[in-house]
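The next block holds one structure in the form of structure tokens; read it before the comments.
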Amino acid sequence: MPSVMPKNAAGCLLLVCLVLFMAGVSFSDPGDDCTIYGSLKINGQDASIGSRLEAYIDGEKIVSDETNQSGQYSLTIPKYDPANPDQKGYNSESDVVVIKVDGRDAEPTVNPQPGSMKINLEVKTSLNVKLTTWGKIKALFK
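Residue numbers (numbering that gives the first Met the number 0): 0 to 141.
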């Protein structure tokens, strides 16, 4: 009977080590990062080298980078790690990432997923007239 006890204890120890190892891998797995890449156009033209890209979630800047190839971009958005709260990142795949290029919103927005995603971005310049300004203009013609 005493020989059974060490086998069970060794099996339990092995199981605990395996669970801890798997938990450690899931917290530090760089495969959780989301890399988005693709073409980048501004008003129908390829974005120039050095265009500034910034990724925002809920109005908070997560990462920024510059284009190093005309009309192409790549941006890696890290998964948020509670063990490293200074490094911002996405919490879940339902987060909405807004990409800004040289301070202007690009379309479409992105829902981050672990791995690589090809997303073609476009920035369109439009007249951003505030509703209050429009209301004042309409009032002038009444």
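For every residue, glycine included, the Cβ atom is placed at its ideal position computed from N, Cα and C.
Can you name the residues that DSSP bridges to residue i?
i     : result
Ala54 : Val62 and Ile98
Gln44 : Ile41
Gln68 : Gln71
Between which two residues does the beta strand (DSSP E) harbouring residue i extend?
i      : result
Gly37  : Cys33 to Ile41
Gly49  : Premise fails: Gly49 is in no beta strand (DSSP E) and is neither H nor E.
Lys87  : Note, Lys87: premise wrong, no beta strand (DSSP E); not H, not E.
Lys117 : Gly114 to Lys117
According to DSSP, is residue i part of a helix, a strand, or is it coil?
i      : result
Tyr136 : Position check: residue 136 holds Ile in this sequence, whereas Tyr was assumed. Here Ile136 sits in helix by DSSP.
Lys123 : coil
Asp104 : strand
Phe20  : Here the model assigns Phe20 a pLDDT of 45, short of 50, so the residue's position is not dependable, and the following value carries that caveat. Correct three-state label for Phe20: helix.
Could you tell me how far apart the beta carbons of residue i and residue j are, in whole angstroms, since I believe they sit closer than 8 angstroms?
i      : j     : result
Leu120 : Gly37 : 7 angstroms
Gly111 : Asp94 : In the sequence under discussion, the amino acid at residue 111 is Pro, which differs from the Gly named in the question. The Cβ separation is near 6 angstroms, so the contact holds.
Cys33  : Ile98 : So it is not a contact: roughly 12 angstroms between Cβ atoms.
Trp104 : Ser50 : The sequence given here places Asp at residue 104; Trp does not occur at that position. That belief does not hold up - the Cβ atoms of Asp104 and Ser50 are roughly 14 angstroms apart, past 8 angstroms.
Exercise. Three or more beta-carbon pairs under 8 angstroms between the region 37-48 and the region 77-92, yes or no?
Worked result: Too few Cβ pairs lie closer than 8 angstroms, so no.
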